[in-house]
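Heads up: the structure comes next, in structure tokens.
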Amino acid sequence: MKSRFGWGLTVAIEPPELETRVAILMKKADENDIRLPGEVAFFIAKRLRSNVRELEGALNRVIANANFTGRAITIDFVREALRDLLALQEKLVTIDNIQKTVAEYYKIKVADLLSKRRSRSVARPRQMAMALAKELTNHSLPEIGDAFGGRGPHDGASCLPEDRAVA
């Protein structure tokens, strides 16, 4: 038995997908006999991505605020109740931060990511950065395309390969 543990099986644990995060919030609300509108669960799940504990903590905070104030749980109420948490999330993940981090990781310049160059040494990091921007920010594809050297609305989607190709 000891030798089997020594094999060192390593498993990467990814954050849950959006649909899973919404389902977790709905189930936790149901367990607490709280009516959580689907659009509110989606709003929370879209903005808090890191882990289940963070989601549950945010939901507990919303429920406590709703119970304390007697107000209905709406998107505006959630924005108010989670104001500091949402502000921190938005501050940490920006397209600029993604560009700088990806450029640093691939040892290229941010200007290269924004250029029209199509060599593999630039195209792959650009695709990765654009995919991260799509996943981690609330920007539309045209906005992401603009942030990466003016790739317009028609080019935004074509610059992003299928998810499995980037992963």
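Heads up: the sequence shown begins at 1263 in the working numbering, then just goes up one per residue.
Idealized CB from N, CA, C, for every residue including glycine.
Because the structure is a prediction, the values reported are computed rather than measured.
Beta carbon of L1394, beta carbon of I1360: below 8 Å? yes
Looking at V1324 and F1515, is the spacing between their C-beta atoms short of 8 Å? Outside the displayed span of the chain (1263 to 1429) sits residue 1515, for which this structure offers no information.
L1403, buried or exposed, once every other Cβ within 10 Å from all chains shown has been counted against 16: buried
Rounded to whole angstroms, what's the CA-CA distance from R1380 to T1363? Just pull it up for me. 20 Å
Do you know whose CA, among G1407, R1309, K1289, M1392, lies nearest R1341's CA? R1309
What is the DSSP secondary structure of S1377, counted as helix, strand or coil? coil
Is L1298 closer than 8 Å to A1291 when the C-beta atoms are compared? yes
Can you tell me which of R1333, M1288, N1327 puts its alpha carbon nearest to the alpha carbon of R1245? With the chain covering only 1263 through 1429, there is no way to say anything about residue 1245.
Does the Cβ of A1334 have 16 or more other Cβ atoms within 10 Å, making it buried, or fewer, making it exposed? exposed
What is the DSSP secondary structure of P1278, counted as helix, strand or coil? coil
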